[in-house]
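Structure record follows, encoded as structure tokens.
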Amino acid sequence: MQKHLDLALKKHKYIVEIYKSKYSEDKKRDWRTYEQRLAMRIKETSREIEPVIEQAYSMIKISKPCGGRPKKIPITKLVLILLLKDIFQLSNRKMANLLAFFTALTGIDVGHKTVERIYSDELARATIHNAFLIMTKQKGIENSDASGDGTGYSLTVTKHYRNEREKELKEITKAKTEQKRKLFAHTFAFMDLKTGLYIGYGTSMRSEKEAYEKALEMTREFGITIDSMRLDKYYSHQSITEDFNQETRIYLIPKSNATIRGSPEWKRMLRSYIDDPLVHLKEYYKRNNSESGFSTDKRACGWKVWQKRDERIDTALLCKGVWHNLMLLN
103 MQKHLDLALK
113 KHKYIVEIYK
123 SKYSEDKKRD
133 WRTYEQRLAM
143 RIKETSREIE
153 PVIEQAYSMI
163 KISKPCGGRP
173 KKIPITKLVL
183 ILLLKDIFQL
193 SNRKMANLLA
203 FFTALTGIDV
213 GHKTVERIYS
223 DELARATIHN
233 AFLIMTKQKG
243 IENSDASGDG
253 TGYSLTVTKH
263 YRNEREKELK
273 EITKAKTEQK
283 RKLFAHTFAF
293 MDLKTGLYIG
303 YGTSMRSEKE
313 AYEKALEMTR
323 EFGITIDSMR
333 LDKYYSHQSI
343 TEDFNQETRI
353 YLIPKSNATI
363 RGSPEWKRML
373 RSYIDDPLVH
383 LKEYYKRNNS
393 ESGFSTDKRA
403 CGWKVWQKRD
413 ERIDTALLCK
423 GVWHNLMLLN
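Quick note: to get this note's numbering, add 102 to the position in the sequence shown (first position is 1).
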């Protein structure tokens, strides 16, 4: 079998060219139609968002009241503020100013610092987490043919600094009035290919692998059985089969140095790649749906996260995942 695998890997580029000539289509997106559809989805989602938040919050069991002053604004309203802020890509101050105009209608009166603190509120974070479960249940997702992919969101942290030496070297001071460093927050999502919903969603400041593990944990928590999974080459290693059930069909592109050593599930994946590579590739490239999903998320909710504290960055990224699912409920 190893000889057959080595031969298939040598012919991989040629097989991919055959696949593309047979199955690929050069589709050009009509951005006007896309924007119209996005506006329509947001309008439809406006009817779904509050019931989902209310139901997600109702799942939380509080054993004893938290210390401190009671909140003037219900948790459900705080979560709604974060989600609206995210979809309209507003700063904390702009969101607070916008709410000031509608205080008479919404009953919500908050400052920009209050908006920022919502990102750290444990009840708000738990409600956002539960919203994923609510939406997968509404769609009746118990078994899934899925794909997984990761992406990064840009974090721009600006730090102003001045010291005694810079005071003496004024020319250098002008060139270094602020120090910027760009970071990325990692996100990983498992997508149900039938509905397009995220059935597992994880974030990390460290690595995509950690985000992957959190997304996998969410999928298990929701009790969703993965019937088949598609992942990119980063996850093409023998131990990946341990993350899924024995019955899960896994579609990967083996690395150039891949061997047949490994579990029966790993060998089954290799056999699929060797015996019928075009069918295997057709299944594998369904993973492109995950890439398209992230692209849509970033167009709808923005490419950057402006929060600085880790738990607030995590909350901001989870909001983007919630919006993805909300727009696909109907």
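Each residue gets a CB set at the ideal place from its N, CA and C atoms; glycine is no exception.
The secondary-structure analysis by DSSP pairs alanine 248 across a beta bridge with Asp294 and Met331.
Setting aside the 5 residues that flank it on each side, serine 365 is surrounded in the same chain by Gln340, Thr343 and Glu344, each with a C-beta closer than 8 Å to its C-beta; the list follows chain order. Note on geometry: alpha-carbon atoms of glycine 298 and lysine 112 lie some 34 Å from one another. For serine 397, the enclosing alpha helix (DSSP H) covers residues 390-403. Closest in alpha carbon position to glutamate 323, among Lys296, Lys239 and Glu218, is Lys239. Straight-line measurement puts the Cα of arginine 149 at about 48 Å from the Cα of histidine 114. The three-state reading of DSSP puts lysine 406 in strand, counting E and B together. The DSSP-derived three-state label of arginine 351 is strand. Glutamate 413 and serine 222 do touch by the CB rule: their CB atoms are close to 6 Å apart, below 8 Å. In the structure shown, the three-state DSSP call for phenylalanine 286 is strand. Cβ-Cβ separation between phenylalanine 396 and threonine 253: approximately 4 Å, consistent with a contact (criterion under 8 Å). Residue environment: isoleucine 189 is assigned as buried (16 or more neighbouring CB atoms within 10 Å of its CB, all protein chains considered). In the displayed model, tyrosine 221 falls within coil according to three-state DSSP, outside both helix and strand.
For the pair tyrosine 300 and serine 330, the CB atoms are not nearer than the 8 Å cut-off. Tryptophan 405 sits exposed, since fewer than 16 C-beta atoms from the chains shown fall within 10 Å of its C-beta. A Cβ-Cβ distance of about 23 Å is found for the pair asparagine 427 and phenylalanine 286, leaving them out of contact under the 8 Å criterion. Linking leucine 383 to glutamine 409 through their CA atoms gives a straight-line distance of about 39 Å.
Less than 8 Å separates the beta-carbon of lysine 357 from that of serine 338. Short of 8 Å from the beta carbon of glycine 213, and not among the five residues preceding or following it, lie these beta carbons of its own chain, in chain order: Ala198. Take the alpha-carbon of phenylalanine 292 and the one of leucine 333: they are about 10 Å apart.
Leucine 299 sits in coil when the DSSP states are folded into three classes, being neither helix nor strand. Just measuring C-alpha positions, the residue of Met237, Tyr125, Thr178 and Cys421 sitting nearest cysteine 403 is Cys421. About 19 Å separates the Cβ atoms of leucine 140 and tyrosine 255, ruling out a contact at the 8 Å cut-off. Within its own chain, the residues whose Cβ lies closer than 6 Å to the Cβ of glutamine 104, once the five positions on either side in sequence are excluded, are Ile362, listed in chain order. The secondary-structure analysis by DSSP pairs glycine 364 with nothing; it has no beta-bridge partner. Rounded to whole angstroms, the separation of the alpha carbons of lysine 122 and threonine 321 is 32 Å.
The three-state secondary structure of serine 309, taken from DSSP, is coil. Annotated as distal: threonine 327 and glutamate 385, with beta-carbon spacing of 8 Å or more. Residues Thr297 and Leu299 of the same chain have their beta carbon placed closer than 7 Å to that of lysine 241, with the five preceding and five following residues left out of the count.
One Cα belongs to isoleucine 117, the other to serine 394, and the distance between them is close to 24 Å.
In the DSSP assignment, aspartate 188 falls within the alpha helix (DSSP H) that extends over 177-189. If you look at serine 123, you'll find it in the alpha helix (DSSP H) that goes 114-125.
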